[in-house]
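What follows is one structure encoded as structure tokens, with my remarks underneath.
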Amino acid sequence: MAKQSSNTNLHKAKNNKKDEFYTQLSDIENELRHYKEHFKNKVVYCNCDDPRVSNFFHYFSYNFEHLGLKKLIATCYKNQDADLFSTNVSDKAVYLEYTGDKNGNSIPDAHEIGVKDLQGDGDFRSQESIELLKQADIVVTNPPFSLFREYVTQLIDFEKKFIIVGSYNAITYKEIFKIIKENKMWLGYGFSGGNAYFKTPYSNDNFVEGVYNINTGLVKFRNVTWYTNLDIEKRNVDLILHKKYTPEEYPSYDNYDAINVDKTKDIPVDYVGNIGVPITFLDKYNPNQFEIVKFRKGDDDKDLVINGKSPYFRIIIKNKKL
Ligand SMILES: C[S@@+](CC[C@H](N)C(=O)[O-])C[C@H]1O[C@@H](n2cnc3c(N)ncnc32)[C@H](O)[C@@H]1O
Numbered sequence: 004m005a006k007q008s009s010n011t012n013l014h015k016a017k018n019n020k021k022d023e024f025y026t027q028l029s030d031i032e033n034e035l036r037h038y039k040e041h042f043k044n045k046v047v048y049c050n051c052d053d054p055r056v057s058n059f060f061h062y063f064s065y066n067f068e069h070l071g072l073k074k075l076i077a078t079c080y081k082n083q084d085a086d087l088f089s090t091n092v093s094d095k096a097v098y099l100e101y102t103g104d105k106n107g108n109s110i111p112d113a114h115e116i117g118v119k120d121l122q123g124d125g126d127f128r129s130q131e132s133i134e135l136l137k138q139a140d141i142v143v144t145n146p147p148f149s150l151f152r153e154y155v156t157q158l159i160d161f162e163k164k165f166i167i168v169g170s171y172n173a174i175t176y177k178e179i180f181k182i183i184k185e186n187k188m189w190l191g192y193g194f195s196g197g198n199a200y201f202k203t204p205y206s207n208d209n210f211v212e213g214v215y216n217i218n219t220g221l222v223k224f225r226n227v228t229w230y231t232n233l234d235i236e237k238r239n240v241d242l243i244l245h246k247k248y249t250p251e252e253y254p255s256y257d258n259y260d261a262i263n264v265d266k267t268k269d270i271p272v273d274y275v276g277n278i279g280v281p282i283t284f285l286d287k288y289n290p291n292q293f294e295i296v297k298f299r300k301g302d303d304d305k306d307l308v309i310n311g312k313s314p315y316f317r318i319i320i321k322n323k324k325l
């Protein structure tokens, strides 16, 4: 059997609509510490979050005063597909509202959290959820991988600020790339060492050996990161480049006027024209330093080709400072 990577497992998750992957509190803390100044007096909405299992709800309710939040809302989705893996123990979708500690113990007590029934299933696209979305300033969650396109499009349409988890593959979706190119969304700080561990109800049989840890119940994905449209420091930092352009080291594409670069750190410091870079470049992208020109295709609208061969997805960029 061909060896599959943990990335392949994420593909599987998407194709089979397996969406139950719960984000760890430590990963949420690690990412959100970079955004603290954005939360003051804001309404935060977690719209794919069962508060019984969601660490997003936990994080924001316990850090409510520390962040100076105005309100926290979370909706819990009731999965209508009665599939084998469904974990929803309640047959009702609910939403929760929390407006901070009232009794001075700095803990979100059960009686301080308002739980209200939803009429429908709590789908983020439902009118009820959209009404809650309209109240929100910042949406923060790990949405279903299988609905990422629709999820992001909705946030953009309603002009919401957000911090969400998604796959790196999403960059290769036409709709998502357009949003990134237009600087309406960018990459956050990401998971430590590029390893994202999620709690999941799916059994070991669903994963290739080594991906699921029976002892911890955690599954490891290598291809997941954070996306946001909030201003973060890393986005304003120039990528330090040291290599000089030579035609030998940086061949041009057969079907597009740009040079090919295989590693982001090797982008030549002095090249004025178009440059093809791997999608991991976006982790270092500073819109004041580079402009995103296009994605993947040459003048003939076919995949970029170099000496007859097609490198893995490339983003065409241009140095704005030269
Ligand atoms: C990747 S999991 C993450 C769960 C949680 N946000 C967390 O990070 O721990 C995505 C969640 O979205 C829920 N979900 C699936 N489809 C949904 C929909 N259409 N609307 C809202 N939530 C949905 C799934 O049941 C699942 O719990």
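In the working numbering, the protein residues as written are 4 to 325.
Cβ coordinates follow ideal geometry from the N, Cα and C atoms, glycine included.
Being a predicted model, the structure only gives us computed values, none of them experimental.
query	result
Y171 (DSSP reduced to helix, strand or coil)	helix
N-terminal and C-terminal residue of the beta strand (DSSP E) that V118 is part of	116-120
Range covered by the beta strand (DSSP E) that runs through V142	141-144
Where E34 falls, given that 16 or more other Cβ within 10 Å makes a residue buried	buried
Status (buried if at least 16 other CB within 10 Å, exposed otherwise) for A113	exposed
Residue from F201, N277, P54 with nearest C-alpha to G125	P54
Three-state secondary structure assigned by DSSP to V155	helix
Opposing strand residues paired with G279 [DSSP bridges]	N263, I319
Residue span of the alpha helix (DSSP H) that contains K43, given as start and end	That residue, K43, is in no alpha helix (DSSP H); it is neither H nor E in DSSP.
L150 Cβ short of 7 Å to ligand 1 heavy atom set	yes
7 Å Cβ shell around Y192 - same chain, five flanking residues per side excluded	E34, H37, W229, K237
Residue-level contact to chain D via CB, Y215, 8 Å cutoff	The chain inventory of the structure shown lacks chain D, comprising one protein chain alone.
Sub-8 Å separation of T78 and Y62 beta-carbons	no
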